Amino acid sequence: MVIFHAKTQRREGAKLATRCPIWHCLRASLMIPGRADMNNPMFRPPAEADSVILQIDEGCPWNRCTFCGMYKAIPFMKRSLDQIVSMIRQEAALNVDARRIFLADGDVMRRPFDELACILQLLAESFPRLARVSLYANGSSILAKSDVQLAMLRTLRLHTLYMGLESGDDTILQGCCKGETASAMVEAGGKAQAAGLRMSVMILLGLGGRARSRQHVAHTADAINQMQPRLLSVLRVIPVPGTRLYTDTANGHFAMPTEYETVQELRALVEQLQVHGTVFRANHSSNIIPIEARLPQDKQTLLASLDSLIASGILDRNSPGHLSAWL
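With this note's numbering applied, the sequence shown corresponds to residues 61 to 387, in that order.
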């Protein structure tokens with residue numbers, strides 16, 4: 061069943077029952093409130109709302125993407141293992157029954173295998189009920205690990221890798237300084253999944269602007285179809301102050317799709333997806349409508365709902381419409 065959420069935050073053991081019409085929704089933020097042991101602002105995927113957040117690193121080791129303002133104010137710092145041990149022990153004293161842990165920040169998978177294995181082993185020892193550990197991972201960081209190493213990390217309860225594909229179009233990826241190629245990220249996703257890890261892949265509607273929307277959709281759908289991720293999350297690109305994308309948009313060098321064009325882009329993407337057993341979500345605060353669907357079984361229902369929205373006349377054809385404060 062296709063669900064257009066009024067709320068996006070999940071609670072363990074409970075299903076979301078609140079629903080609303082497709083064009084009326086509330087939006088959930090990814091930003092985490094401040095804590096004394098965390099450098100802020102800090103972000104986590106919506107699906108990790110009920111997870112314990114441990115800030116293994118601060119900031120993003122790449123931090124050059126033109127669209128991303130998440131870590132611009134945070135110089136990258138890799139915490140020492142001694143600091144991590146202390147952090148884990150403090151958290152275990154407060155929340156020993158934790159079952160889910162998310163390791164922040166931007167690309168914890170970049171750490172050497174031995175360090176990751178040590179951290180995961182300590183988590184398993186400190187949290188006896190621990191079921192899963194998740195983190196952000198770039199394609200190159202996944203490819204840097206061998207098949208055997210990835211499988212070993214899975215046995216140590218590493219469960220979900222969140223990877224920002226953003227686009228399957230290499231021209232767009234190069235233009236936004238992603239630092240990865242689509243083919244490398246597809247390879248990384250396949251490699252991780254072959255090791256038993258679950259891939260949650262994120263893409264950005266509108267990243268090609270109005271000029272490359274068609275190529276963005278076609279190549280992104282192709283990359284996703286090759287990768288076959290278990291989870292697929294759609295976000296909308298937001299010109300965040302302090303980013304190059306914001307400057308390019310203000311100077312007229314990047315044309316944001318209108319609200320109407322963005323939903324058309326979403327509809328075209330869904331139509332071209334050929335995935336099997338994928339949970340499709342658009343529950344980030346940047347989206348025009350919050351969606352959860354199972355593909356392929358919900359595909360036709362989702363397309364019909366999007367067609368209805370496009371034909372409703374309520375979408376702004378002249379501007380991007382409401383833009384949330386953060387991406």
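Note that the Cβ used here is the ideal one computed from N, Cα and C, for glycine as well. No experiment lies behind these values; they were computed from the predicted model shown.
Query: DSSP three-state assignment for residue 251, whether helix, strand or coil; Result: helix
Query: Reference residue 281, options 225, 180, 215, 204, closest by Cα; Result: 225
Query: Element boundaries [beta strand (DSSP E), containing residue 164]; Result: 160–164
Query: Member of 318, 320, 324, 363 whose CA lies at the smallest distance from the CA of residue 340; Result: 363
Query: Span of the alpha helix (DSSP H), counted from its first residue to its last, around residue 331; Result: 319–332
Query: Interface flag, residue 217 vs chain C, CB-CB below 7 Å; Result: Protein chains in the displayed structure number just one, and chain C is not present.
Query: Element boundaries [alpha helix (DSSP H), containing residue 220]; Result: No alpha helix (DSSP H) contains residue 220, which is instead part of the beta strand (DSSP E) from 218–226.
Query: As assigned by DSSP and simplified to three states, the class of residue 359; Result: helix
Query: At least three beta-carbon pairs within less than 8 Å, the stretch 308–320 to the stretch 366–378; Result: yes
Query: CB of residue 223 within 7 Å of CB of residue 197, strictly; Result: yes
Query: Residue 252 versus residue 107: straight-line alpha-carbon distance, rounded; Result: 19 Å
Query: Proximity below 7 Å, CB of residue 338 to CB of residue 366; Result: no
Query: C-alpha gap between residue 164 and residue 219, whole angstroms; Result: 14 Å
Query: Buried/exposed call for residue 344, threshold 16 Cβ in 10 Å; Result: buried
Query: Closest residue to residue 139 among 105, 179, 287 (Cα-Cα distance); Result: 179
Query: Buried/exposed call for residue 347, threshold 16 Cβ in 10 Å; Result: buried
Query: Per-residue burial, residue 90 [other beta carbons within 10 Å of its own, 16 or more giving buried]; Result: With a pLDDT of 47 at residue 90, under the threshold of 50, the predicted position of this residue should be treated as unreliable, though the coordinate-derived value follows. Result: buried.
Query: Residue 263 versus 248, 256, 271, 233, residue with shortest Cα-Cα distance; Result: 233
Query: Inter-residue CB distance, residue 48 and residue 229 (contact presumed, cutoff 8 Å); Result: This structure cannot settle anything about residue 48, because the visible part of the chain is limited to 61 through 387.
Query: Contact set for residue 148: own chain, Cβ-Cβ below 6 Å, skip 5 residues either direction; Result: 182, 186
Query: Per-residue burial, residue 93 [other beta carbons within 10 Å of its own, 16 or more giving buried]; Result: With a pLDDT of only 43 at residue 93, under 50, the local geometry of the prediction cannot be trusted, and no value is derived from it.
Query: Cβ pair residue 328, residue 294 closer than 7 Å; Result: no
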